[in-house]
Amino acid sequence: MEKLFRAVDEPQPGVFARQSIEEGRVFVADWYAKAERIPGPEECRRRVGEHMPEILGLFDSMAVFAGDDPAMIAALAGIDPPPLIPAGCTVRAFTRPRPTMLRNYDFHPDATSAVILRTDWSGRGVLGMSEGISGLLDGVNDAGVAAALTFGGRHVYGSGFSIVQIIRYLLQVASDVKEAADVLRRMPCAWSHNVLAQDRSGKAIRAELAPDRAPLVTEGYAVTNHQADVEPRPDSAQRFDTVCALTEDAETARAVFVERDLRKEDFDEWLGTLYTAEYMPGENAVKFHWRDGSWAQSLMQFEPGERRVTYPG
């Protein structure tokens, strides 16, 4: 099984954004057909303005690319997304030898965009793994804040924003983990998800989000796929115990993510490790790792291009 990863540099929404919208129309139409209702364009704009006013202008510019397509406009806003198969994932923040966030993204190669995107929206540099056209699975910004998502372990769905849109917004506006925590406490999340964020000081927070209860945001350095008041599935509990037992040295821990205990290869169940991301918020940089190689990127030294990754199965 192979997956093509691309690195795209598009400071403002342009060719890549327009192309992604066109290529995603069929999927988005089929996906939102499963929704009880599709929020109209005016409702989407109102809700973006209410919760994410700093990026309302960006939403407007990308909505022009979507044209008269309510489902695509709702997807661009990340509003009330219908259910999808959840991903797995493991994230841990480290303090040595420098503030570092290691994350494994566990899903299926057919269900991710595999686009490393650098943007400069609203004057804020952001670099991360793009998803959902305008969203991010994980990333780092020019203020030295890194963030990543995981599935929260509960199949609950409601009104709110997609987690990939919340990660994007967090990195657009947060300058440290205190501001990141403020974002996570006030953003309504449509599904059950966890988030880990770290800033250049090394401080980290973890957030448990869900549509049916208030967010829980605390100081913390690890998340997998369960939340505080739910009995974890054995796999999530085992990975959480493993990642918490690691030393504070990210360079020592890296192999556990890339090659050993935290790596997953259950692609038949849609839970194989697609990449390990090593974010260094103090350097505004990331290094993506696979068993057969790695790819370093930063906001200052970005390398557009392509890499093919082979997975078992």
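To convert, take the position in the sequence shown, counting from 1, and add 3; that gives this note's numbering. Heads up, the beta-carbon is just placed ideally off N, CA and C, and yes, glycines get one too.
query                                                                                                                                     : result
Buried versus exposed, by CB contacts within 10 Å (16 or more), Glu134                                                                    : buried
Contact the segment 296-307 vs the segment 148-159: 3+ CB pairs below 8 angstroms                                                         : no
C-beta atoms of Trp124 and Ile58 nearer than 8 angstroms                                                                                  : yes
C-alpha gap between Trp293 and Thr279, whole angstroms                                                                                    : 7 angstroms
In DSSP terms, what Trp293 is bridged to                                                                                                  : Gly296
Where the alpha helix (DSSP H) containing Thr153 begins and where it ends                                                                 : Unbroken run through Thr153 is the beta strand (DSSP E), Val148 to Phe154; no alpha helix (DSSP H).
Top-ranked residue by Cα proximity to Asp215, from Ala150, Met190 and Gly17                                                               : Met190
Contacts around Val220, its chain only, beta-carbon distance under 7 angstroms, and the 5 residues preceding and following it disregarded : Ala184, Leu187, Arg188, Ile208 and Ala210
Reference Gln168; option with closest CA among Leu140, Gly147, Val180 and Lys181                                                          : Leu140
Close Cβ partners of Gly163 (< 6 angstroms) along its chain, the five nearest in sequence each way excluded                               : Pro191, Cys192, Ala193 and Pro214
Coarse secondary structure for Lys267, derived from DSSP in three states                                                                  : coil
Residue span of the beta strand (DSSP E) that contains Val312, given as start and end                                                     : Gly308 to Thr313
Every unbroken alpha helix (DSSP H) within the segment 207-278, with a cutoff of 4 residues, ordered by chain                             : 237-247 and 253-261
Whole-angstrom distance between Met104 and Leu212, CA atom to CA atom                                                                     : 20 angstroms
Complete alpha helix (DSSP H) runs within the segment 54-99 (minimum length 4 residues, chain order)                                      : 59-69 and 73-80
Backbone CA spacing between Cys47 and Arg311 [nearest angstrom]                                                                           : 37 angstroms
DSSP beta-bridge partners of Arg9                                                                                                         : Val118 and Glu309
Test item: CB-CB of Val94 and Val289 under 8 angstroms                                                                                    : no
Gly81 vs Gly138 beta-carbon contact at 8 angstroms                                                                                        : yes
Cβ neighbour criterion (16 or more within 10 Å) applied to Pro237                                                                         : exposed
Stretch-stretch touch, CB-based, cutoff 8 angstroms, three pairs: the segment 244-263 with the segment 56-72                              : no
Sequence-distant residues of its chain with Cβ nearer than 8 angstroms to Tyr314 (five each side left out)                                : Met4, Glu5, Lys6, Pro112, Glu268, Phe270, Gly275 and Leu277
Phe110 to Leu265 span [Cα, whole Å]                                                                                                       : 14 angstroms
Within 8 angstroms, strictly: CB atoms of Thr122 and Pro284                                                                               : no
Buried or exposed (CB count within 10 angstroms, at least 16 for buried), Ser195                                                          : buried
Span separating the alpha-carbon of Gly161 from that of Val11                                                                             : 33 angstroms
Backbone CA spacing between Ala225 and Phe8 [nearest angstrom]                                                                            : 26 angstroms
Closer than 7 angstroms: Asp63 CB and nearest the ligand GTP heavy atom                                                                   : As far as ligands go, the structure on display features none, and thus does not contain the ligand GTP.
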